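Trainee: Each residue of the sequence shown is one higher than the last, beginning at 4 in the working numbering. Here a beta-carbon is modelled for each residue, glycine too, at the ideal position from N, C-alpha and C. For clarity, every value in this text was computed on a predicted model and none was experimentally measured. I have a structure I would like to understand better, so I am pasting it below and will then ask my questions one at a time.
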Amino acid sequence: MKGLHVLGVTQVNDSYPNVKYKLVALKQLLGEDYVEFVIPLDKIDASRRILSSLGSSWLVFIWRILIGHIKVLLYSMQQSAKSVYVCYPGIFLAACLSLPFMRTRYQM
Numbered sequence: 004m005k006g007l008h009v010l011g012v013t014q015v016n017d018s019y020p021n022v023k024y025k026l027v028a029l030k031q032l033l034g035e036d037y038v039e040f041v042i043p044l045d046k047i048d049a050s051r052r053i054l055s056s057l058g059s060s061w062l063v064f065i066w067r068i069l070i071g072h073i074k075v076l077l078y079s080m081q082q083s084a085k086s087v088y089v090c091y092p093g094i095f096l097a098a099c100l101s102l103p104f105m106r107t108r109y110q111m
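See below:
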């Protein structure tokens, strides 16, 4: 069991410096206790599809994001870690990862 798993579907470049430099710092700090499973989105690819009109390119972009999130969730279910860091924007991943804990925390 590793110490920290970093999960996400994001852009790891200068557009999101918080993500880029935080991942580098965590990797240097933790060494062997660090596991990264981040599916990168290309900056050019993302900006073209976000700004384009609704069409097939928009659907392909949404499909890639959806498949990326499913891959990350399946990976997280197969691995065990002491803690997890979810990269920005990770609200969907954070919500899905917290569901099993919510059931045990709040009794119905």
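Are the segment 30-39 and the segment 67-77 touching by the rule of at least three beta carbon pairs closer than 8 Å?
Mentor: No, they do not touch.
Trainee: If you reduce the DSSP assignment to three classes, tell me which class Pro-103 lands in.
Mentor: Within the sequence shown, the letter at position 100 stands for residue 103. Reduced to three states, the DSSP call for Pro-103 is helix.
Trainee: Could you tell me whether the Cβ atoms of Gly-11 and Val-63 are closer together than 8 Å?
Mentor: Indexing the sequence shown from 1 puts residue 11 at position 8. Indexing the sequence shown from 1 puts residue 63 at position 60. Taking 8 Å as the Cβ cut-off, Gly-11 and Val-63 do not qualify as a contacting pair.
Trainee: So the candidates are Gln-82, Leu-76, Tyr-91; which of them puts its Cα closest to the Cα of Leu-102?
Mentor: Working through the sequence shown from its first residue, we reach residue 102 at position 99. It is Leu-76 whose Cα lies nearest to the Cα of Leu-102.
Trainee: Name the one or two DSSP bridge partners that Tyr-37 has.
Mentor: Position 34 of the sequence shown, counted from the start, is the residue given in the question as residue 37. Leu-7, per the DSSP bridge assignment.
Trainee: Going by C-alpha distance, which of Val-22, Leu-7, Trp-61 is nearest Leu-32?
Mentor: Taking the first residue of the sequence shown as position 1, residue 32 is located at position 29. The candidate whose alpha carbon is nearest that of Leu-32 is Leu-7.
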